[in-house]
Each structure stands twice: as C-alpha cells, then as structure tokens.
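Be aware that the sequence shown starts at 43, since it is given in this note's numbering, and climbs by one per residue. No residue lacks a Cβ here, since even glycine has one placed at the ideal position from N, Cα and C.
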Amino acid sequence: MLIGVLSAAGEGLLLLLAGVVTAVTTVAPPARRRVAAVVIRYARRVVEWERRRLARFAGRPDPPPVRVGASRLLAYLAVRLLPGALGALAFGLLAVGVVLAAIVVRAVLVGSMAVPQLLTQVVIGSALLVVNLQAIASIAALDRRLARALLQASSREALQRRIDELTASRAAVMSAVDAERQRIERDLHDGLQQRLVALGLLLGRARRSRDPDTARELLVQAHVDTRRAIEDLREVAWRVYPSALEQSTLDEVLALVAQRSTIPVRISYTLSLRPPRPVETVLYFVACEAITNAVKHAHATVITIEITPVGTEVEMLVHDDGVGGANPHGTGLQGLARRAAALDGRFAVDSPPDGPTTIRAVLPCA
Numbered sequence: 043m044l045i046g047v048l049s050a051a052g053e054g055l056l057l058l059l060a061g062v063v064t065a066v067t068t069v070a071p072p073a074r075r076r077v078a079a080v081v082i083r084y085a086r087r088v089v090e091w092e093r094r095r096l097a098r099f100a101g102r103p104d105p106p107p108v109r110v111g112a113s114r115l116l117a118y119l120a121v122r123l124l125p126g127a128l129g130a131l132a133f134g135l136l137a138v139g140v141v142l143a144a145i146v147v148r149a150v151l152v153g154s155m156a157v158p159q160l161l162t163q164v165v166i167g168s169a170l171l172v173v174n175l176q177a178i179a180s181i182a183a184l185d186r187r188l189a190r191a192l193l194q195a196s197s198r199e200a201l202q203r204r205i206d207e208l209t210a211s212r213a214a215v216m217s218a219v220d221a222e223r224q225r226i227e228r229d230l231h232d233g234l235q236q237r238l239v240a241l242g243l244l245l246g247r248a249r250r251s252r253d254p255d256t257a258r259e260l261l262v263q264a265h266v267d268t269r270r271a272i273e274d275l276r277e278v279a280w281r282v283y284p285s286a287l288e289q290s291t292l293d294e295v296l297a298l299v300a301q302r303s304t305i306p307v308r309i310s311y312t313l314s315l316r317p318p319r320p321v322e323t324v325l326y327f328v329a330c331e332a333i334t335n336a337v338k339h340a341h342a343t344v345i346t347i348e349i350t351p352v353g354t355e356v357e358m359l360v361h362d363d364g365v366g367g368a369n370p371h372g373t374g375l376q377g378l379a380r381r382a383a384a385l386d387g388r389f390a391v392d393s394p395p396d397g398p399t400t401i402r403a404v405l406p407c408a
C-alpha cells in the first residue's frame with residue numbers, strides 16, 4: 043500500500059505535467075498531438091505497472107496487457123489520487139501514532155507516567171492502531187475496485203473485441219487459403235507437371251524406337267518416373283489434407299513423416315486423449331513445415347518435436363539445432379500462424395541468427 047501511495051504521487055505529477063504541457067502547446071495542434079501521444083504512451087506504461095503491482099499484492103500472476111481507451115487510462119490515473127491521498131493520510135496517522143507511542147515509552151522509563159495512565163494510553167493506542175490498519179486495508183480494497191472498474195473491459199467492449207478478432211482471423215484464414223492454393227499450383231506446375239511432360243517424352247521415344255533393348259530401357263525409366271510422379275502427387279495431396287489422420291493418430295503420422303526426413307527427428311508425445319481433428323491437422327502442418335525448413339535452410343543435425351497437454355490446451359514445440367535466422371513473416375510460417383489463429387490458438391517463432399530455432403504452437407482442445 044505504501045508503494046501505491048508513492049506511485050499515486052508520481053501519477054499526480056505526471057497528470058500535472060501533462061496538463062501544463064498540453065496547455066502550452068494549445069496554439070500548435072501538431073505539437074499538441076505529439077505531446078498527447080507521448081502522454082498516452084507513458085500513461086499506459088504506468089497503468090500496466092499498477093496492474094502488475096495489484097496482481098502481485100493479491101498473489102495472482104501478471105495480468106494481460108490493458109486494452110482500454112486513452113480516456114479511461116487518464117481517468118484511472120486521476121481517480122487514483124483519491125486512494126493515494128487517503129493512503130498518505132493513513133500512513134501519516136500511523137507515523138504520528140508511532141511517535142506518540144515512543145513518547146509514552148519514554149515517560150514510563152523516566153517514571154513520569156503512572157500505571158493507570160499507561161493502561162489508558164495502551165487501550166487508546168491499540169484501538170487507534172486497529173482502526174488505522176483497517177483503514178489501510180479498506181483503501182487498498184478501494185484501489186483494487188477502481189482498477190477493476192476502469193481498466194477491465196465491459197461485456198460489450200469484450201464482445202466487440204472478440205468480433206474484431208474473429209473478423210481478422212477469418213480474413214487471415216482466407217488469405218492463408220489463397221496462399222496455399224498458389225503454393226499447390228506452383229508445386230503442380232514446377233514438380234508434377236514437369237515429371238508428366240518428361241514421362242510423355244520417354245513413352246514417345248519408346249514407341250518410336252525400333253530397338254527392343256532401347257525401348258525396354260525407356261519403359262523402365264518411364265516406370266520409375268511414374269512412381270516418382272505418384273509420390274509427388276501424394277505429397278501435394280497431403281499438403282491439402284493429411285488423410286492419414288483418418289486412420290492413425292497424430293504421433294503415428296508424425297512418425298511416418300520423421301522416417302522420410304533426411305535429418306533425425308525425435309518425437310515426444312504425452313497426450314492421454316486424442317485432440318480434435320482440426321487441432322491435429324494444424325499440428326501436423328506445423329511439424330511438417332518446421333521439418334522442411336530445418337532440412338532445406340537450417341542445416342540442422344537433429345529435430346525435436348514435443349507435444350504436451352497444458353491445461354485445456356495442447357502445446358507443440360519443434361526445436362532444431364540449425365543456424366537459425368528463420369523469417370517469421372515468410373509465407374510458410376505466416377500460413378501456420380493463420381491456421382493457429384483460426385482455432386483461437388497461438389503461434390510463435392524464436393530463431394536468432396546463430397540458432398537454434400524453436401517453433402511453438404498452442405491450440406485449445408476443450
């Protein structure tokens with residue numbers, strides 16, 4: 043509470059300084075706008091610090107960032123002057139009580155105060171101390187109520203924010219779908235189409251050849267190219283939807299993916315219940331994209347995939363010991379972030395220039 047009193051004094055000085063500077067810059071609208079932006083930025087930082095202080099005082103974890111408007115931020119800083127002033131008064135009275143108690147003790151030691159007077163002073167002092175401590179507790183409760191009233195979004199504001207988040211998520215999903223279609227088109231054009239063209243040329247040469255041995259060799263090569271084309275087609279189909287998840291669990295499908303990787307992949311799967319199919323699908327794509335990036339760009343020697351339950355969510359961590367430097371704004375990683383956001387999940391990439399790289403996806407399962 044004493045820290046709250048001191049912070050309230052600092053906030054009062056901030057508001058006073060902001061008012062003076064705003065009044066001075068009234069004649070210059072551009073300067074006034076810049077000053078207002080600076081004031082709001084520092085006010086938000088102060089409010090965030092206050093919320094963390096109140097949360098730690100109550101024994102709770104740090105709250106999420108505040109998402110209220112500038113007017114409510116400034117209103118909160120203004121009304122905090124009331125509990126700050128009351129707290130200063132309460133602590134001042136407590137300090138006066140300590141001084142009076144010291145005077146009583148000194149009087150007892152020098153023998154200038156009789157026992158009945160001492161008992162009277164003790165009773166009065168104890169009663170005042172209880173009242174003072176109760177006042178401090180009430181002021182702290184008032185401080186918390188003011189924070190809840192002004193810094194917590196109303197149900198309407200929370201609903202509007204949720205609508206905005208869903209709208210942005212829907213737009214991101216549509217963008218991800220378009221990007222995935224373009225990627226599939228490139229894969230078909232650059233990969234499968236070229237193989238089919240080469241296959242047609244081989245079959246044409248085999249049909250025109252008059253040498254049976256040459257025709258046989260061309261047919262064998264055509265058979266090999268056909269199998270490769272089928273594998274390419276299967277890879278493209280799996281990028282659209284991993285049909286193997288219909289018959290197998292996520293850990294079994296990822297084990298198959300790990301077998302095809304040229305880098306050793308270690309998988310730790312500790313889920314007791316199978317996640318919903320959309321969650322498994324997103325986790326599958328996250329793992330595949332991470333493995334592909336590690337193989338092509340990271341020059342890693344080992345990849346570790348951990349899938350663990352975290353409350354009502356499931357968390358996937360993909361770690362490689364490569365050179366790092368992955369671009370989180372790249373097409374592939376951005377597509378994964380949009381997929382996770384579509385399920386109200388979270389996606390993060392930590393890839394410093396010298397490595398290692400860690401990709402984290404957290405998705406709700408409730």
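The alpha carbon of Ala390 has as its nearest neighbour, out of Met358, Leu275, Ala403, Ala383, the alpha carbon of Ala403. Contact between Gly366 and Pro395 holds, since their C-beta atoms are separated by about 6 Å, short of 8 Å. For Val88, the secondary structure class from DSSP, reduced to helix, strand or coil, is helix. Contact between the stretch 109-128 and the stretch 45-56 is present, with at least three C-beta pairs closer than 8 Å. The Cβ atoms of Gly139 and Gly167 sit closer than 8 Å to each other. A distance below 8 Å separates the beta carbons of Gln263 and Leu244. The DSSP-derived three-state label of Thr162 is helix.
Following the DSSP letters along the chain, one finds Glu357 inside the beta strand (DSSP E) bounded by residues 355-362.
Between the beta-carbon of Ile305 and that of Ala329 there is about 13 Å, and that puts the pair past the 8 Å contact cut.
For Ala390, the enclosing beta strand (DSSP E) stretches over residues 388-392. In the three-state reduction of the DSSP assignment, Val352 falls in the strand class, which pools E and B.
DSSP places Ser113 in the uninterrupted alpha helix (DSSP H) bounded by 112-121. Boundaries of the alpha helix (DSSP H) around Ala382: 373-384.
In this structure, Leu325 and Met358 form a Cβ contact; the two beta carbons are roughly 5 Å apart against a cut-off of 8 Å. The Cβ-Cβ distance between Asp363 and Ala342 falls below 8 Å. Beyond the five residues adjoining it in sequence on each side, Pro284 comes within less than 7 Å, by CB distance, of Val295, Thr323, Tyr326 in the same chain, given in chain order. Rounded to the nearest whole angstrom, the C-alpha separation of Thr68 and Leu59 is 14 Å. Under the DSSP definition of a beta bridge, Ile345 partners with Val307, Asp362.
Judged by DSSP secondary structure, Val404 falls within the beta strand (DSSP E) whose first and last residues are 399-406.
Where Ala297 is concerned, the enclosing alpha helix (DSSP H) starts and stops at 292-302.
In this model, Ala210 and Pro370 are separated by some 19 Å (Cα to Cα). If you look at Val337, you'll find it isn't in any alpha helix (DSSP H); DSSP assigns it neither H nor E. Around the beta carbon of Leu298, fewer than 16 other beta carbons lie within 10 angstroms, which makes this residue exposed.
DSSP, read as helix, strand or coil, puts Pro370 in coil. For Leu245, the enclosing alpha helix (DSSP H) has its first and last residue at 235-250. In this structure, the alpha-carbon of Arg269 lies about 11 Å from that of Leu234. Here Asp185 is buried, its C-beta having at least 16 other C-beta atoms within 10 Å.
Put simply, of Gln376, Arg203, Leu128, Thr312 the residue whose alpha carbon is nearest the alpha carbon of Gly353 is Thr312. Note that the C-beta distance between His361 and Pro398 is below 8 Å.
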